[in-house]
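Engineer: The letter at position 104 of the sequence shown is residue 319 when you use the numbering used here, and the numbering goes up by one with no holes. The C-beta atom is built at its ideal place from N, Cα and C for all residues, glycine as well. Have a look at this one.
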Amino acid sequence: MQNVKRMKNGWREKNANVMLNEQAMLIRLNPEVFDEAYLMTNELELAGIAVRMADENSELSEHLITATVLGIRFVILIGKNERLIDQVRLLDMYDQQEMVMPMDQAIFVIERTYPPADFT
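Shown next as structure tokens:
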């Protein structure tokens, strides 16, 4: 969040003309997981997290390079295997960690890093 600073009453943009970068990228590994991906994207956006959604049409490595170039910290992977166990893979691009966890826990991890402006 290069153009945002923390104030007493929440987060404020330093320059209103600059758009916030996405804090997370969600990658669908299979077309069958569209509903799960849409649900997670919606939940993150409701929590004030800017999300970029990517699909299975490109190589995973291309998406990871894009996330790195854009400075996106969290990459969420949802595929058939994750759907079967009702979990997602969360990659922390800064700490170089991969975690498998339920969707709501992944949202909590991201939200803890990027708390909403009215977070108490």
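Could you tell me how far apart the beta carbons of Q302 and I264 are, in whole angstroms, since I believe they sit closer than 8 Å?
Structural biologist: By 1-based counting over the sequence shown, the position of residue 302 is 87. By 1-based counting over the sequence shown, the position of residue 264 is 49. Not a contact, Cβ separation roughly 19 Å.
Engineer: Let me check understanding here. Comparing Cα to Cα, which of N296, I322, L299 and S273 lies closest to L305?
Structural biologist: Translated into positions along the sequence shown, residue 305 becomes position 90. For L305, the nearest C-alpha among the options comes from I322.
Engineer: Which whole-angstrom value describes the C-beta separation of A261 and I293, a residue pair presumed to lie in contact below a C-beta threshold of 8 Å?
Structural biologist: Residue mapping note: residue 261 aligns to position 46 of the sequence shown, counting from 1. Residue mapping note: residue 293 aligns to position 78 of the sequence shown, counting from 1. One detail in the question is off: residue 261 reads as Leu in this sequence, not Ala. Not a contact, Cβ separation roughly 18 Å.
Engineer: Indicate the three-state DSSP secondary structure (helix, strand or coil) for M308 in the structure shown.
Structural biologist: As a position in the sequence shown, residue 308 is number 93, starting the count at 1. The three-state reading of DSSP puts M308 in coil, since its state is none of H, G, I, E or B.
Engineer: Less than 9 Å separating the beta-carbons of R267 and M240?
Structural biologist: If you number the sequence shown from 1, residue 267 lands on position 52. If you number the sequence shown from 1, residue 240 lands on position 25. Taking 9 Å as the Cβ cut-off, R267 and M240 qualify as a contacting pair.
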